[in-house]
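The next block holds one structure in the form of structure tokens; read it before the comments.
In UniProt numbering, the protein residues as written are 1 to 675.
Following this line, the structure appears as structure tokens:
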């Protein structure tokens, strides 16, 4: 027999593991039940539609049904995937009327292991992975040719319906959906134990403080900063007006302070905790690096948009360290992103408006490295007024020498180095806080009428205080501070999982906002300065020129009168001033009823000395207190313009004014007491 005529018989090799997985997986689809009902037979009819061909299976269900099957799918996914798809096809064929020849696929959710893109090494080839990443580059949409009609240029023959032999992309059905999350949808993703924990947390009366301590267990003190960052994570409610204008709900915070006050540590903690956070340095970041850059694609040679830090942190937090080191031209680039929460680009033929719905947490050092408490916030940092107005909260951290605080901080640091795990004391775990945060952010609280009235009154109070001369704010109070109060109030309502903003929420928001507006510490008040300046001006105008002999003393030295300066701390000065103003307001009300002129300056001094007579022990102390209150009244009249003198003036000679020695004094009608 000829060798060529022999029939070659090849034995088909069967994959025992694959066929075993196919049978087990089909049994799983047919038998797995939840509360007595088959889970996956309910969604079969949906696969009968032409655009649907993928069955979504929870990997946790597979693990509950058969752990060996789940392990095989993870480790040999590339090998057994065709068999899993055959199991789905057989399952659909048995339970539904479907078109012949249609292919079906399977996709898994709730895969336990999640890796970053750079962690996908060669050891992971062929396994089932769950990866997390962000899209950093986009390009315009290009049409894809599926069927084409061609005509020959020589013979003019038309050839219709020529199918493309390869595909650039393949539509993934509806797997890549992004539905709006609701509180019920978040609840369904939790187990019964996890939901019970979230419910117990919402009933915690000390939830505000416990969440702060759980988020920042390694940072001692700075409780106000912790509360502000916590509210930033909850965020306000974004809104769209009738004119389609977007009102941001994200809260922006800037932390300013001396070196070694844990500014960068706050940023690092937020970056590690928040699921979508980007950390960057202001000195090493350009405008394009923060917003977006237009670059040329290596494959298509077209200009495409590459996302910057603010776009990558969309619906998250962008942490910017060394914010004061940024160039002014780079700071201007984020104006739009901080308020409108969009980034507009018109470069190299590419025009686009991209979303940057992110909260900004910035850390900055003051000018000269140390915060000067005698100056306002605006004078201590190199930020422009437009940038400052876009921050909802400013926190100032000052490195003070305090024995108790220094001991507590040193103890915390030593504990961290010696007993790393034992020193961390959390009321709630990071996973518990993350789940609670995800659930609470689904609430969209409305502002109650009482809260509206309270907000309006507090805003009017801020504006009046900003307009008075005695109280200098860190920056001008504008409607942006009112919007900040609204966002903070909504964040407080979200924290407690309520649907309505109450006045107590507004009160806490106003307290935090008030911490940002007033100076950290006012300088001491020198009561002799104004008087000496006035006398010096009079001497320069009135005194004739002196001869050298007259200008020197008997020993030839210039006379240097030594006068003990009167100095009060700002708190002491404000205490005396408020006491005087409250008494005068009361007397003015009685004077209006009795139609009497009011109080003279000497009567005011006598009343104050009588009020503090229990504190006076000697005649020298009485004279000192009398001098102090006279100087305080003098400063309130001529420097702070809180009091007004009602003097009777007449003519002496031609232009000389006659001033009363003991005039009546009244409180300025526009003055608002800062308590």
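No residue lacks a Cβ here, since even glycine has one placed at the ideal position from N, Cα and C.
> Under a three-way DSSP split, which group does residue 126 fall into?
Replying inline: coil
>> Taking only three categories from DSSP, how would you classify residue 247?
In response: strand
> Applying the criterion that 16 or more other CB atoms from any shown protein chain within 10 Å of the CB defines a buried residue, is residue 14 buried or exposed?
Replying inline: exposed
>> Within a Cβ cutoff of 6 Å, which residues of the same chain sit near residue 321, ignoring the five residues on either side of it in sequence?
In response: 264, 267, 281, 363
> Who are the near neighbours of residue 626 in its chain, counting only those whose CB is closer than 8 Å to its CB and skipping five residues on each side?
Replying inline: 605, 609
>> Does residue 708 come out as helix, strand or coil in the three-state DSSP assignment?
In response: Look at the range of the chain in this structure, 1 to 675, and you will see that residue 708 is not part of it.
>> Which residue marks the beginning of the alpha helix (DSSP H) containing residue 289, and which one marks its end?
In response: 287-290
>> Measuring CB atoms only, is the segment 96-111 touching the segment 144-163, in the sense that at least three cross pairs come out at less than 8 Å?
In response: no
> Quick one: what does DSSP say residue 306 is sitting in, helix, strand or coil?
Replying inline: strand
> Can we say the segment 286-293 touches the segment 301-309, given the rule of at least three CB pairs closer than 8 Å?
Replying inline: yes
> With 16 other CB atoms within 10 Å as the buried threshold, where does residue 667 fall?
Replying inline: buried
> How would you call residue 333, buried or exposed, if buried means at least 16 neighbouring beta carbons within 10 angstroms?
Replying inline: buried
> In terms of residue numbering, what span does the beta strand (DSSP E) encompassing residue 151 cover?
Replying inline: 147-151
> Which residues share a DSSP beta bridge with residue 296?
Replying inline: 303
>> For residue 47 and residue 151, what's the separation of their Cα atoms in angstroms?
In response: 39 Å
>> Can you tell me whether residue 664 is helix, strand or coil according to DSSP?
In response: strand
>> Using the three-state DSSP reduction, which class does residue 379 fall into: helix, strand or coil?
In response: helix
> Across which residues does DSSP place residue 116 in a beta bridge pair?
Replying inline: 132
> residue 568 to residue 235, Cα distance in whole Å?
Replying inline: 42 Å
> Quick one: is residue 24 buried, meaning 16 or more other Cβ sit within 10 Å of its Cβ, or exposed?
Replying inline: buried
>> From the DSSP secondary-structure annotation, give me the bridge partner or partners of residue 38.
In response: 33
> Is residue 64 helix, strand or coil by DSSP?
Replying inline: helix
>> Quick check: what's the CA-CA separation for residue 447 versus residue 490?
In response: 8 Å
> Are residue 637 and residue 645 touching if we call contact CB-CB under 8 Å?
Replying inline: yes
>> If you reduce the DSSP assignment to three classes, tell me which class residue 229 lands in.
In response: helix
> Tell me the DSSP bridge mates of residue 257?
Replying inline: 397
> Which term fits residue 678, buried or exposed, when burial requires 16 or more other beta carbons within 10 angstroms of its beta carbon?
Replying inline: Residue coverage of the chain in this structure runs from 1 to 675, which leaves residue 678 outside it and unanswerable.
>> For a test of the three-state rule: what should DSSP assign to residue 600, helix, strand or coil?
In response: strand
> Taking Cβ to Cβ, would you say residue 39 is nearer than 8 Å to residue 224?
Replying inline: no
> Do you know offhand how far residue 271's Cα is from residue 338's?
Replying inline: 19 Å
> Quick one: what's residue 239 bridged to in DSSP?
Replying inline: 247
> From this set, 196, 450, 427, which residue's C-alpha is nearest residue 210's C-alpha?
Replying inline: 427
> Is it true that the segment 69-79 meets the segment 88-100, where meeting means three or more beta-carbon pairs spaced less than 8 Å apart?
Replying inline: no
> residue 573: which of 607, 640, 591 sits nearest, CA to CA?
Replying inline: 640
> If you draw a straight line from the C-alpha of residue 450 to the C-alpha of residue 503, how long is it?
Replying inline: 6 Å
> residue 220 by DSSP, collapsed to three states: which one?
Replying inline: coil
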